[in-house]
Structures are given as C-alpha cells and as structure tokens.
Amino acid sequence: MSEVDQDPVVHDVEALIAENKRLRRLVGPLEQSYDDLRTELVGASEAVKIAEQANGELRGEIMELTVALGQARHNIGKLHRIVLQRARHMGGRVVRRFQRQLATFNR
C-alpha cells in the first residue's frame, strides 16, 4: 500500500520539477535573475520619471519661446508702422519744400 500512496506524490514532484525547469528556462536559472529584473524595473521607472520631467521642462520652454516670438512679432509690426509714419511725414516735408521752391521759381 505504501507504493500506491507514494506514486501520486512522486508524479506531483516530477511535474513540479518539470514546471520549475520550464520556468527557469523562461526567466533564468537563479533567483538572482528575479532580483536583477526588479532592479532593472526600478531603474527603468526612474528613467521614465526623469524623461517625463525633462519633457515637461521642454514644453515649458516651448511656451516661453512662443510668447517671446509673439512679442517680437508685435514689436516688429509696431516698429514698421512707426518707420512708415515717419517716412510719410518726411516725404511730405520734402514734397512741400520742393513745391515752395517751384512756386518761388515760377514767379
């Protein structure tokens, strides 16, 4: 009767050993592999956090540059309007002076 009782246990042990071998082929031969994977996971998580932080900083810089570009465009437009107004004013003065000289010459 002892042979019958041990037979299922031996079969279970053999199945467990076979499963253990299969899993070790997938993961690695030592429990150190699990620790290495955990360490790698922590490192990867930290790298993701750093990358997300850098991404946020870059987005902030892009927004600052966008605002600065808008201000520069506004200032260029303002400068352009001032230059045109002065050019028109100066042109008008030159034309009026020339007209006065022609008027005195024609007399």
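Going by my numbering, the sequence shown opens with residue 2, and the numbers climb by one from there. Idealized CB from N, CA, C, for every residue including glycine. Note that this is a predicted model, so its numbers are computed, not measured.
Notebook entry, point to check: Alpha carbon to alpha carbon, what distance is there between TYR35 and HIS75?
Noted result: Computed Cα separation, rounded: 60 Å.
Checklist line | Straight-line Cα distance separating GLY92 from ILE83 | finding: For ILE83 and GLY92, the gap between their C-alpha atoms comes out near 14 Å.
Checklist line | Inter-residue spacing [alpha-carbon to alpha-carbon] between ASP13 and ASN21 | finding: If you take the alpha carbons of ASP13 and ASN21, they lie about 12 Å apart.
Next item on the list: Output the distance between the C-alpha atoms of VAL95 and ARG101, rounded to the nearest integer angstrom.
Entry: Spanning the alpha carbons of VAL95 and ARG101 requires a straight line of approximately 10 Å.
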